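Take a look at the structure set out below.
Residue numbers (our numbering), protein chains in the order written: chain A, 163 to 674; chain B, 163 to 674.
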């Protein structure tokens with residue numbers, strides 16, 4: 163190809179190989195953009211009767227994307243590019259991430275992919291019926307079959323340490339079961355006694371937490387708040403959906419949602435801060451990576467580190483609650499007009515024993531996650547029969563929080579994750595929590611005055627730091643190495659536990 | 163294929179051919195659904211910075227759809243199915259419509275398609291600059307080139323009577339230049355003197371028409387109004403956009419938009435009624451046709467017949483304005499509290515001479531369209547040089563409405579249509595107007611009490627009639643035959659002119 167064209171005369175043959183791969187990657191990106199808009203629209207806007215047609219259309223796009231990703235020509239281009247040491251670093255990263263996706267898509271036999279997809283559909287549908295009926299037996303055969311199929315999937319993909327590694331790797335590349343298991347063990351050891359001491363000290367729930375807050379004003383506050391901390395509304399949107407989420411539809415189009423509840427304002431504030439954390443990460447991915455494979459967030463754990471940091475380390479901090487309160491008093495004078503700051507800050511951090519993960523607070527949340535991780539790992543390893551899940555769940559809740567669900571609806575049936583076979587997903591929630599505490603600690607020591615910034619509602623210097631340390635790396639490197647460069651070694655539960663101890667010691671004026 | 167499967171044992175070979183075509187049509191439908199969601203989202207929600215990425219993604223989907231539509235295998239399946247007289251009628255219709263789309267997509271050489279697409283892009287961009295600059299010379303070379311390319315396109319597609327037939331046929335299948343020319347000639351002859359008499363009688367514009375109307379209340383009224391006349395919000399949505407439009411994203415998902423202006427309520431009311439007319443047609447397409455090619459509205463003219471009917475024959479009628487007024491008085495007591503019904507009805511029908519088509523009223527609108535049709539036909543035939551367009555425009559405005567634009571911005575540069583080479587499109591606006599008057603007349607004679615229905619805001623019997631006579635035919639038949647079955651012969655300007663004469667004679671208590 164050398165010297166054949168006026169414009170491209172100096173282009174090396176290998177660059178042409180990259181150009182051919184890039185054209186295919188851009189096509190996959192664009193198809194993905196349509197799939198993500200379908201998904202966002204379904205969660206936020208889609209009229210009821212449009213559901214069936216939409217499901218078909220989404221499956222068609224999924225099929226076209228899958229066919230194009232698994233085209234052997236992509237494999238051949240990857241082979242060629244992987245052999246070329248002279249490739250620029252960003253192209254090497256795109257090749258690495260594409261190889262990962264290509265291998266996952268081609269190694270699992272089509273029959274198995276189809277069987278899992280079909281089973282997920284019917285199993286999820288069954289879960290929506292089993293939960294209100296409090297009938298775990300309905301779910302049992304589906305879970306048993308899903309575990310079997312996920313084992314076959316893991317074997318098809320391949321693994322080194324143990325089979326569960328292949329499942330974690332989907333969501334948290336380069337992280338192993340052994341590492342995650344150690345992380346949870348440390349966390350449980352340190353957190354269980356601390357959490358129970360804090361919970362015992364918490365006292366009664368303040369009444370003003372659950373009073374009527376007009377939902378249109380909650381949304382107005384959410385819009386104001388996300389812009390205040392740096393969400394770029396020219397490159398994104400905030401809307402409402404029952405389950406808040408963040409999604410990048412395309413370059414310059416990052417959408418987050420929040421939810422409002424009529425009887426509390428805390429839910430919308432902290433959902434918005436949480437999703438804004440995700441959204442700031444998405445908006446911080448360098449534009450020049452332009453939606454290509456390495457131009458994405460690096461892992462779910464890192465993603466969650468951002469949402470948790472803005473929700474908790476920033477949002478629930480003393481200086482930031484101090485910043486928010488006058489604005490909230492102005493919007494909701496009936497509810498908050500006479501609430502002193504100390505009481506508001508305590509309310510924003512009010513912990514309580516609860517059976518349901520999604521309503522759990524910062525103190526107890528990760529015990530809920532630890533429980534799920536332990537049970538799903540045991541189940542996947544064959545150490546726990548699916549039939550024994552409900553009992554094991556209840557016993558573990560008792561040992562962590564001293565309470566037992568009286569029904570499986572409030573226990574093992576509460577989450578949808580297992581019903582769709584999403585094993586390996588839960589650990590990323592806790593990984594994100596531990597990252598958020600460690601990263602925030604580091605930011606705090608690396609530049610002074612963060613507390614003063616937050617008291618003014620100014621997150622700009624924190625954002626610059628996050629950009630330097632997290633965002634700009636996108637997925638050019640493995641997430642673990644991005645995190646370890648910040649922390650200075652492997653992640654541990656230490657910084658998170660110390661963060662909770664310090665915060666709650668101040669709130670309840672007790673040394674925990 | 164006979165007798166080879168348990169379930170399909172009795173299926174004929176030809177059905178298998180149909181099944182193979184159907185699978186491809188469903189895939190095209192699903193890709194089309196993603197393209198339409200892109201389009202809707204871009205007009206309603208897309209953040210500013212998402213525009214560039216979205217344009218690329220939309221082009222990628224367009225390319226994939228085009229490749230799949232023009233696959234020679236589709237041509238082969240069509241050949242086979244066209245030779246089979248035993249095909250059920252609905253399948254014949256799908257084959258007929260697919261043939262039409264396939265031929266259009268394959269007959270025009272790819273080079274020409276690309277050249278037109280590129281020219282449209284840059285020409286539209288130029289128009290957005292030329293209009294505010296009042297600089298027709300900027301547009302002239304683009305229009306000249308577009309006319310040349312559209313001629314080549316028409317020749318590639320083929321035509322019988324004259325070349326412009328091929329352009330009309332895109333939007334109004336089976337309609338010829340000769341028919342449309344005669345329709346406009348009759349219309350202009352009858353309408354010009356009548357319109358000018360009515361305009362002379364109209365008097366000053368009532369002040370309350372342009373007062374501040376809170377826009378959130380306008381939207382609340384629009385939501386209420388479209389549901390009132392039958393729009394199914396479980397199968398669709400109403401949102402806001404600067405240019406109101408209606409689009410079917412997929413089966414069970416028909417979306418309309420409206421707009422609000424701070425200083426008038428009429429704009430939102432009649433935009434909503436107009437788009438609801440389009441939306442009711444889309445929602446009336448039989449579900450069993452399931453988004454396949456003949457399961458669509460039959461033509462733009464028929465589409466516009468529905469929007470115009472609900473906007474004008476229904477919405478601006480005496481009984482329906484009588485129905486709306488008390489509700490509007492309740493919402494806008496400051497503006498309308500003391501307005502007597504006669505004055506409101508007159509205001510809702512207030513006609514005035516205006517240079518701009520999109521602000522034109524029911525009396526003058528079709529003269530604006532006639533002007534465009536005459537000029538674009540003359541230009542396309544070569545009887546009028548592009549350079550002479552501005553002068554011809556101004557002279558024709560003078561002859562129709564006795565006023566001349568002082569700038570090209572208010573004249574020949576006002577519409578975007580020609581800048582993207584959308585020749586043959588304008589006539590469908592007037593065709594729809596004439597259909598609406600003729601259809602409404604017919605409905606009125608075919609069942610009694612329509613006026614009483616409308617006085618109660620009840621459009622249900624009219625909807626049933628429209629369903630029987632228009633909606634259920636979808637695109638199973640040619641649009642002209644659907645219309646002529648209702649009217650009893652070719653469409654003429656007569657019913658529309660008589661409708662205006664009767665209405666305005668009553669409003670101004672004069673015999674026009």
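Heads up, the beta-carbon is just placed ideally off N, CA and C, and yes, glycines get one too.
Remember, it's a predicted structure, so these values are computed and weren't measured experimentally.
Chain B contact residues for residue i, given Cβ-Cβ distances below 7 Å
{"i": "residue 392 (chain A)", "result": "Here the premise fails: no neighbours, minimum Cβ distance about 15 Å."}
{"i": "residue 203 (chain A)", "result": "199"}
{"i": "residue 378 (chain A)", "result": "The contacting residues do not exist; residue 378 (chain A) stays about 10 Å from chain B at best."}
{"i": "residue 219 (chain A)", "result": "192, 195, 196, 412"}
{"i": "residue 453 (chain A)", "result": "215"}
Residue i in three-state terms, based on DSSP
{"i": "residue 454 (chain B)", "result": "coil"}
{"i": "residue 478 (chain B)", "result": "coil"}
{"i": "residue 519 (chain A)", "result": "helix"}
{"i": "residue 401 (chain B)", "result": "strand"}
{"i": "residue 653 (chain B)", "result": "coil"}
{"i": "residue 569 (chain B)", "result": "coil"}
{"i": "residue 619 (chain B)", "result": "coil"}
{"i": "residue 531 (chain B)", "result": "helix"}
{"i": "residue 258 (chain A)", "result": "helix"}
{"i": "residue 544 (chain B)", "result": "coil"}
{"i": "residue 577 (chain A)", "result": "coil"}
{"i": "residue 367 (chain A)", "result": "coil"}
{"i": "residue 609 (chain B)", "result": "coil"}
{"i": "residue 169 (chain A)", "result": "Any answer about residue 169 (chain A) is weak, because its pLDDT of 40 lies below 50 and its placement is not dependable; what the coordinates show is given next. Of the three classes helix, strand and coil, the one that applies to residue 169 (chain A) here is coil, per DSSP."}
{"i": "residue 325 (chain B)", "result": "coil"}
{"i": "residue 163 (chain B)", "result": "Low confidence applies to residue 163 (chain B): its pLDDT is 34, below 50, so where it sits in the model is not reliable enough to give any reading."}
{"i": "residue 337 (chain B)", "result": "coil"}
{"i": "residue 526 (chain A)", "result": "coil"}
{"i": "residue 355 (chain A)", "result": "helix"}
{"i": "residue 511 (chain B)", "result": "coil"}
{"i": "residue 175 (chain B)", "result": "Note that residue 175 (chain B) scores 48 on pLDDT, short of 50, meaning its location in the model is unreliable; the coordinates nonetheless yield the value given after this. Looking at residue 175 (chain B) - three-state DSSP - the assignment turns out to be helix."}
Residue i, enclosing alpha helix (DSSP H) - first and last residue
{"i": "residue 249 (chain B)", "result": "Unbroken run through residue 249 (chain B): none, as it is neither H nor E."}
{"i": "residue 281 (chain A)", "result": "272–295"}
{"i": "residue 442 (chain B)", "result": "428–446"}
{"i": "residue 626 (chain A)", "result": "622–631"}
{"i": "residue 558 (chain A)", "result": "551–563"}
{"i": "residue 461 (chain B)", "result": "From DSSP, residue 461 (chain B) is part of no alpha helix (DSSP H); its letter is neither H nor E."}
{"i": "residue 223 (chain A)", "result": "213–231"}
{"i": "residue 303 (chain B)", "result": "298–319"}
{"i": "residue 472 (chain A)", "result": "First-last for residue 472 (chain A): undefined, no H or E at that position."}
Contact list for residue i against chain B, beta-carbon separation under 8 Å
{"i": "residue 214 (chain A)", "result": "413, 414"}
{"i": "residue 184 (chain A)", "result": "Going along chain B, no residue has its Cβ under 8 Å from residue 184 (chain A), so there is no contact; the nearest lies around 13 Å."}
Residue i, enclosing beta strand (DSSP E) - first and last residue
{"i": "residue 416 (chain A)", "result": "415–420"}
{"i": "residue 656 (chain B)", "result": "Not the beta strand (DSSP E): residue 656 (chain B) falls in the alpha helix (DSSP H), residues 656–669."}
{"i": "residue 501 (chain A)", "result": "Element bounds for residue 501 (chain A): n/a, residue is neither H nor E."}
{"i": "residue 648 (chain B)", "result": "Here residue 648 (chain B) belongs to no beta strand (DSSP E); instead the alpha helix (DSSP H) covers 641–649."}
Residue i: contacting residues in chain A (beta-carbon distance under 8 Å)
{"i": "residue 207 (chain B)", "result": "399"}
Any non-hydrogen atom of the ligand SAM closer than 7 Å to residue i Cβ
{"i": "residue 548 (chain A)", "result": "Among the ligands in the structure shown, none appear at all, so the ligand SAM cannot be discussed."}
Partners in chain B for residue i, counting only beta-carbon separations shorter than 9 Å
{"i": "residue 680 (chain A)", "result": "Lying outside 163 to 674, the shown extent of chain A, residue 680 (chain A) is not represented and no answer is given."}
Beta-carbon neighbours of residue i, restricted to chain A and to distances below 7 Å
{"i": "residue 365 (chain B)", "result": "Near residue 365 (chain B) there are no residues of chain A at all, since even the closest Cβ is about 42 Å away, more than 7 Å."}
{"i": "residue 210 (chain B)", "result": "396"}
Under 9 Å by beta carbon: chain A residues contacting residue i
{"i": "residue 189 (chain B)", "result": "222, 225, 226"}
According to DSSP, residues forming a beta bridge with residue i
{"i": "residue 423 (chain A)", "result": "A:426"}
{"i": "residue 408 (chain B)", "result": "B:418"}
Which residues of the stretch 390–417 of chain A have a Cβ closer than 9 Å to any Cβ of chain B? Give them in chain order. 394, 395, 396, 397, 398, 399, 401, 411, 412, 413, 414, 415, 416, 417
Where the stretch 437–450 of chain B meets chain A: residues whose CB sits under 8 Å from a CB there: none
Using a Cβ-Cβ cut-off of less than 8 Å, give me the residues of the stretch 222–255 of chain B that come near chain A, in sequence order. 222, 223, 226
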